[in-house]
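Numbering (full-length UniProt numbering), first residue to last: 1 to 203.
Okay, structure coming up:
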């Protein structure tokens, strides 16, 4: 479990100067580690789509019946190396931008993000990674924060399960940078497990 204390211990090992010098392969510890992460993504996303297909179908139908509009909401996000892709989610708002009761429940349990399993299969996202940025936010990003674009954005990540905002961190340290510097298969598994636990309790 990534607690506030463990978060601070991780941060203590990070050198911001090293982040700026690392290539994507170095961030993963080598090409083979990057391939292992992709294999983990395909395994998790493939299994998730098979197991959760009935739930996905029920949610899609419920969204359609709950309010007018498509079951899916598609937004333009920044992927690896700044490549723009279409990120899929279940629609949680009406056409006049009001959150629906079903949408509120879906977001509370993270179920609106499940269509992104298809983005993972397509190689546009990772199960765990930096928070996906809206394409419209690109001009606002500083050079230091754009290092996150050396990795594929994630359905979940350290940004979703850590208590970073309440930690006494300096401004240039973000959960995405810490994740990039300390990535491992085991860390991905921990983040996925904690994200699933948060989804079950509706946090």
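Ideal placement from N, C-alpha and C gives every residue a C-beta, glycine not left out.
Candidates the options: closest to residue i by CA position
i: residue 122; options: 38, 32, 33 and 34; result: 38
i: residue 45; options: 116, 81 and 67; result: 116
i: residue 135; options: 56, 85, 51 and 73; result: 85
i: residue 60; options: 32, 161, 92 and 120; result: 92
i: residue 78; options: 137, 190, 178 and 202; result: 137
i: residue 183; options: 154, 100 and 43; result: 154
Rounded C-alpha distance that separates residue i from residue j
i: residue 58; j: residue 128; result: 25 Å
i: residue 52; j: residue 180; result: 29 Å
i: residue 94; j: residue 55; result: 22 Å
i: residue 192; j: residue 96; result: 34 Å
i: residue 32; j: residue 108; result: 36 Å
i: residue 150; j: residue 156; result: 17 Å
i: residue 87; j: residue 148; result: 17 Å
i: residue 47; j: residue 112; result: 18 Å
i: residue 68; j: residue 98; result: 12 Å
i: residue 217; j: residue 130; result: The shown model of the chain, from 1 to 203, leaves out residue 217, and the question about it has no answer.
i: residue 197; j: residue 189; result: 12 Å
i: residue 100; j: residue 74; result: 17 Å
i: residue 64; j: residue 40; result: 32 Å
i: residue 118; j: residue 133; result: 18 Å
i: residue 120; j: residue 42; result: 7 Å
i: residue 202; j: residue 50; result: 23 Å
i: residue 124; j: residue 34; result: 14 Å
CB of residue i within 8 Å of CB of residue j, strictly
i: residue 76; j: residue 152; result: no
i: residue 187; j: residue 175; result: no
i: residue 36; j: residue 185; result: yes
i: residue 110; j: residue 199; result: yes
i: residue 161; j: residue 126; result: no
Distance between beta carbons of residue j and residue i, contact taken as under 8 Å
i: residue 106; j: residue 90; result: 6 Å
i: residue 114; j: residue 66; result: So it is not a contact: roughly 16 Å between Cβ atoms.
For residue i, the residue or residues it bridges with in DSSP
i: residue 86; result: 76
i: residue 133; result: 78
i: residue 128; result: 156
i: residue 93; result: 99
Contact with chain B by residue i, beta-carbon distance below 8 Å
i: residue 63; result: This model lacks chain B altogether; it includes just one protein chain.
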